[in-house]
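Enquirer:
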Amino acid sequence: MLPDRSPDAFEQVSAVADAVLYEGYLLYPYRRSSAKNRVRWQFGVLFPRDWVEADGPVVPGVSGSADSWYQQTECLLRIRQPGSASVRVRIRHLQMQRKQMEETRDGRQHAVESLRTPDGTTHLTFAEAVPRECEVEVPLDELLQGGRTVPVVAPAGVDVEPLPGAGRVVRHRDEVRADTTVIAERLSDDLCRLRVRTTNTGPAPDRRTARDEALRRALIATHTLIGGDGVEFVSLTDPPTDLRSLARSCRNEFTFPVLGGGDGHVLLSAPIILPDHPQVAPESPGDLHDAAEIDEILTLRTMLLTDEEKREARATDPRAAAILDRVDTMPQEVFERLHGAVRSLAPAAAVSRTPGAAAPVPSAPAHAPGAAAPAASAPGTA
Numbered sequence: 001m002l003p004d005r006s007p008d009a010f011e012q013v014s015a016v017a018d019a020v021l022y023e024g025y026l027l028y029p030y031r032r033s034s035a036k037n038r039v040r041w042q043f044g045v046l047f048p049r050d051w052v053e054a055d056g057p058v059v060p061g062v063s064g065s066a067d068s069w070y071q072q073t074e075c076l077l078r079i080r081q082p083g084s085a086s087v088r089v090r091i092r093h094l095q096m097q098r099k100q101m102e103e104t105r106d107g108r109q110h111a112v113e114s115l116r117t118p119d120g121t122t123h124l125t126f127a128e129a130v131p132r133e134c135e136v137e138v139p140l141d142e143l144l145q146g147g148r149t150v151p152v153v154a155p156a157g158v159d160v161e162p163l164p165g166a167g168r169v170v171r172h173r174d175e176v177r178a179d180t181t182v183i184a185e186r187l188s189d190d191l192c193r194l195r196v197r198t199t200n201t202g203p204a205p206d207r208r209t210a211r212d213e214a215l216r217r218a219l220i221a222t223h224t225l226i227g228g229d230g231v232e233f234v235s236l237t238d239p240p241t242d243l244r245s246l247a248r249s250c251r252n253e254f255t256f257p258v259l260g261g262g263d264g265h266v267l268l269s270a271p272i273i274l275p276d277h278p279q280v281a282p283e284s285p286g287d288l289h290d291a292a293e294i295d296e297i298l299t300l301r302t303m304l305l306t307d308e309e310k311r312e313a314r315a316t317d318p319r320a321a322a323i324l325d326r327v328d329t330m331p332q333e334v335f336e337r338l339h340g341a342v343r344s345l346a347p348a349a350a351v352s353r354t355p356g357a358a359a360p361v362p363s364a365p366a367h368a369p370g371a372a373a374p375a376a377s378a379p380g381t382a
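Going by full-length UniProt numbering, the first residue of the sequence shown is number 1, and it counts up by one from there.
#1: Are the C-beta of I226 and some C-beta of chain B separated by less than 8 angstroms?
#2: Quick one, which of V58, R38, L77, S33 has its alpha-carbon nearest L243's?
#3: Runs of 3 residues minimum, wholly inside the region 260-284: which ones carry the beta strand (DSSP E) assignment?
#4: Nearest by alpha-carbon distance to G120: which of E312, M330, Y25 is it?
#5: Got a sec? Which residues, its chain only, sit under 6 angstroms from R88 by beta carbon, not counting five neighbours each side?
#6: Quick one: Cα of L46 to Cα of Q145, how far?
#7: Looking only at its chain, what residues have a beta carbon closer than 6 angstroms to the beta carbon of R132, apart from the 5 residues adjacent to it on each side?
#8: In the DSSP assignment, find the unbroken alpha helix (DSSP H) run with A221 in it and report its ends.
#9: Give me the Cβ distance between L219 and V176, rounded to the nearest whole Å; I'm assuming they're in contact under 8 angstroms.
#10: Which full runs of the beta strand (DSSP E) of 3+ residues lie inside the region 51-96, going along the chain?
#11: Rounded to the nearest angstrom, what separates S245 and F256 at their Cα positions?
#12: Would you call the region 23-43 and the region 183-192 touching, i.e. three or more CB-CB distances under 8 angstroms?
#13: I'd like to know whether the C-beta atoms of Q71 and G64 end up nearer to each other than 8 angstroms.
#14: Does the region 295-303 touch the region 14-31, meaning 3 or more C-beta pairs lie closer than 8 angstroms?
#15: Going by the DSSP bridge assignment, what does G167 pair with across the sheet?
#16: Excluding five sequence neighbours on each side, which residues of the same chain lie with their C-beta closer than 7 angstroms to the C-beta of G356?
#17: Is it right to say A156 is buried, meaning 16 or more other beta carbons lie within 10 angstroms of its own, or is it exposed?
#18: Quick one: give me the first and last residue of the alpha helix (DSSP H) that E336 is part of.
#19: Can you tell me where the alpha helix (DSSP H) holding A322 begins and where it ends?
#20: Do the region 51-64 and the region 198-209 touch if we need at least three Cβ pairs shorter than 8 angstroms?
#21: Between the Cα of A85 and the Cα atoms of C134, F126, E142, which residue gives the shortest distance?
#22: Could you check the C-alpha separation between P271 and A66 for me, to the nearest Å?
#23: With respect to the beta strand (DSSP E) encompassing S33, which residues constitute its N-terminal and C-terminal limits?
#24: Quick check on DSSP: helix, strand or coil for Q42?
#25: Which of the three DSSP states is assigned to A15 in this structure?
#26: Candidates G260, D159, E161: which alpha carbon is nearest A9's?
#27: If we count the other Cβ atoms within 10 Å of its Cβ and call it buried at 16 or more, is G44 buried or exposed?
#28: Out of Q12, L268, L115, point me to the one whose CA is closest to T222's CA.
#29: Could you give the distance in angstroms between the alpha-carbon of P331 and the alpha-carbon of Q12?
#30: Between which two residues does the alpha helix (DSSP H) harbouring A204 extend?
#31: Measuring CA to CA, which of R314, V231, V20 is closest to A184?
#32: In the DSSP assignment, what residue or residues form a beta bridge with G157?
#33: Does the distance from the CB of K99 to the CB of T122 come in under 8 angstroms?
#34: Quick one: what's E253 bridged to in DSSP?
#35: On the criterion of 16 or more Cβ atoms from any shown chain inside 10 Å, does H265 qualify as buried, or is it exposed?
#36: Please report the straight-line C-alpha distance between R314 and L324, rounded to a whole angstrom.
See below:
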């Protein structure tokens with residue numbers, strides 16, 4: 001009997017997918033003035049082609065840390081229910097949103113970098129992001145006969161939030177437009193190659209436009225969830241012996257797919273290289289948006305921010321404020337869990353020694369405390 005792959009199957013990898021979505025969104029010390037937060041969004045960024053290739057073609061690779069105009073996933077799919085199998089694809093990304101402070105003076109609105117309300121709260125002009133997703137489900141037979149292309153659109157918009165006694169916050173979003181094409185190629189009666197390709201099709205800004213401005217028309221942190229009914233995915237990192245050559249022939253560009261969930265019937269294709277079945281460490285109390293750091297060290301550093309630094313971080317972005325709230329109110333027992341955990345410990349082999357001989361030195365555990373579990377970590381993990 002095939003496992004249940006209901007519409008909630010993607011929930012098996014939702015925590016890891018969310019960590020990918022917000023990786024690098026805002027880095028410690030979470031302040032706008034920090035040099036680390038002046039060059040943001042380094043993974044899975046799809047710009048309009050004419051802008052990103054103004055100085056020459058992009059060079060494909062499996063890592064999505066390079067800017068591109070497209071992202072391509074190829075994987076192997078076993079057909080378990082011929083004639084009735086279907087494939088479900090969900091494309092997720094961030095849309096940049098410009099948060100502009102405007103001060104009310106002389107009955108008019110004036111753009112400013114910082115605005116203080118009568119209660120003493122400071123608000124800063126900054127670039128935020130809105131999560132977007134698009135989903136399509138297609139019969140596998142249709143994909144084998146030519147595939148399907150669907151539009152991926154994040155609409156333009158303006159939101160205005162009044163700040164009584166001071167001014168207002170105006171949030172601007174430019175339209176972001178892309179296409180996703182899903183197609184399958186039959187390799188044998190019960191095996192096919194699936195390709196998912198997402199391409200930014202929006203109008204390009206002037207080639208002299210700075211990257212920070214061009215991001216307004218880009219898909220950011222783009223990644224793909226793939227599931228379905230009557231199908232089963234093959235690991236590309238550890239394929240069966242008889243499928244190794246076919247696995248190596250799959251072309252993954254600016255992203256790489258790994259098995260997700262417990263049964264492997266969900267695929268997560270991410271611009272950050274992950275192992276099969278990635279998981280967020282259970283000790284992690286929440287996303288810190290910086291997988292280059294260990295949660296315990298990053299939490300300690302955040303605790304030690306000065307009051308002035310914390311005020312600036314809170315004024316920078318609501319997600320930074322949420323991190324500070326979580327760290328400042330973290331119970332001691334939760335903090336102690338960040339110190340690490342042993343995921344596995346091989347049993348010690350029996351040792352026989354003669355009387356008077358030195359005791360053997362115990363070997364190190366398979367997973368040292370404080371390190372991420374092998375093949376079970378993701379951005380935002382401990």
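All C-beta atoms, glycine included, are put in the ideal place defined by N, C-alpha and C.
Expert: On the basis of the data shown:
#1: Structure shown: chain B not included; a single protein chain is present.
#2: The residue given as residue 243 occupies position 243 in the sequence shown. With distances taken between Cα atoms, L243 lies closest to L77.
#3: Every beta strand (DSSP E) of 3 residues or more that sits fully in the region 260-284 is shown, in chain order, as 266-270.
#4: For this step, residue 120 is matched to residue 120 along the sequence shown. The shortest CA-to-CA distance from G120 to any of E312, M330, Y25 is the one to E312.
#5: Here the question's residue 88 lines up with position 88 in the sequence shown. Excluding positions up to five away in sequence, the list reads E137, G227, G228.
#6: Looking up residue 46 in the sequence shown gives position 46. Looking up residue 145 in the sequence shown gives position 145. Each residue's Cα considered, the two are about 28 angstroms apart.
#7: If you number the sequence shown from 1, residue 132 lands on position 132. Counting only residues of its own chain and dropping the five nearest sequence neighbours on each side, R132 has a CB closer than 6 angstroms to the CB of H93, Q95, A154.
#8: Within the sequence shown, residue 221 is the residue found at index 221, counting from 1. Going by DSSP, A221 is part of no alpha helix (DSSP H) but of the beta strand (DSSP E) stretching over 220-229.
#9: As a working mapping, residue 219 is identified with position 219 in the sequence shown. As a working mapping, residue 176 is identified with position 176 in the sequence shown. Between V176 and L219 the Cβ distance is about 6 angstroms, and since that is below 8 angstroms, they are a contact.
#10: Inside the region 51-96, DSSP marks whole beta strand (DSSP E) runs of 3 or more residues at positions 70-79, from first to last along the chain.
#11: Working through the sequence shown from its first residue, we reach residue 245 at position 245. Working through the sequence shown from its first residue, we reach residue 256 at position 256. Rounded to the nearest angstrom, the two C-alpha atoms are 17 angstroms apart.
#12: Contact fails: fewer than three Cβ-Cβ distances are below 8 angstroms.
#13: Residue numbering aside, residue 71 sits at position 71 when the sequence shown is read from its first letter. Residue numbering aside, residue 64 sits at position 64 when the sequence shown is read from its first letter. At a Cβ-Cβ threshold of 8 angstroms, Q71 and G64 count as neighbours.
#14: Between the region 14-31 and the region 295-303 there are three or more inter-stretch CB-CB distances shorter than 8 angstroms, so the stretches are counted as touching.
#15: If you number the sequence shown from 1, residue 167 lands on position 167. Answer by DSSP bridge pairing, in chain order: E103, L163.
#16: By 1-based counting over the sequence shown, the position of residue 356 is 356. Reliability of the predicted coordinates at G356 is poor, the pLDDT of 49 falling under 50, and the value obtained from them is presented with this limitation in mind. Excluding residues within five positions, none has a Cβ falling inside 7 angstroms.
#17: Here residue 156 is taken as the residue at index 156 of the sequence shown, counted from 1. Counting the other CB atoms within 10 Å of its CB gives A156 a total below 16, which places it among the exposed residues.
#18: Stepping through the sequence shown from its first residue, residue 336 is reached at position 336. 332-337 is the extent of the alpha helix (DSSP H) around E336.
#19: Locating residue 322 in the sequence shown gives position 322, where the first residue counts as 1. Element bounds for A322: 318-328.
#20: Taking 8 angstroms as the limit for Cβ pairs, the verdict is that the region 198-209 does touch the region 51-64.
#21: Residue 85 sits at position 85 when you count from the first residue of the sequence shown. Closest option to A85, judged by alpha-carbon separation, among C134, F126, E142: E142.
#22: As a working note, residue 271 is residue 271 in the sequence shown. As a working note, residue 66 is residue 66 in the sequence shown. P271 and A66: Cα-Cα distance of roughly 9 angstroms.
#23: By 1-based counting over the sequence shown, the position of residue 33 is 33. Taken as a continuous stretch (DSSP letters only), S33 belongs to no beta strand (DSSP E), as it is neither H nor E.
#24: By one-based count along the sequence shown, residue 42 stands at place 42. In the three-state scheme derived from DSSP, where H, G and I count as helix and E and B as strand, Q42 is classed as coil.
#25: Counting from one through the sequence shown, the residue named residue 15 turns up at place 15. Three-state result, A15: helix.
#26: If you number the sequence shown from 1, residue 9 lands on position 9. The residue among G260, D159, E161 with its C-alpha nearest the C-alpha of A9 is G260.
#27: As a first step, residue 44 must be located in the sequence shown, where it is residue number 44. So G44 ends up on the buried side.
#28: Taking the sequence shown and counting its residues from 1, one reaches residue 222 at position 222. Checked all of Q12, L268, L115; the closest Cα to T222 is L268.
#29: Position 331 of the sequence shown, counting from 1, holds the residue named residue 331. Position 12 of the sequence shown, counting from 1, holds the residue named residue 12. Across the structure, P331 and Q12 are spaced so that their CA atoms are roughly 28 angstroms apart.
#30: Position 204 of the sequence shown, counted from the start, is the residue given in the question as residue 204. Neither: A204 is in no alpha helix (DSSP H) and is coded neither H nor E.
#31: Counting from one through the sequence shown, the residue named residue 184 turns up at place 184. Residue nearest to A184 within the set R314, V231, V20 is V231 (criterion: CA-CA distance).
#32: The count along the sequence shown starts at 1 and reaches residue 157 at position 157. According to DSSP, G157 bridges with R173.
#33: For the purposes of this step, residue 99 is identified with residue 99 of the sequence shown, where counting begins at 1. For the purposes of this step, residue 122 is identified with residue 122 of the sequence shown, where counting begins at 1. No, the Cβ-Cβ distance between K99 and T122 is not below 8 angstroms.
#34: In the sequence shown, residue 253 corresponds to position 253, counting from 1. Beta-bridge pairing links E253 to Q72.
#35: Sequence index remark: in the sequence shown, residue 265 carries index 265 (1-based). H265 is buried by the Cβ-count criterion.
#36: Taking the sequence shown and counting its residues from 1, the one referred to as residue 314 is at position 314. Taking the sequence shown and counting its residues from 1, the one referred to as residue 324 is at position 324. C-alpha separation (whole angstroms): 8 angstroms.
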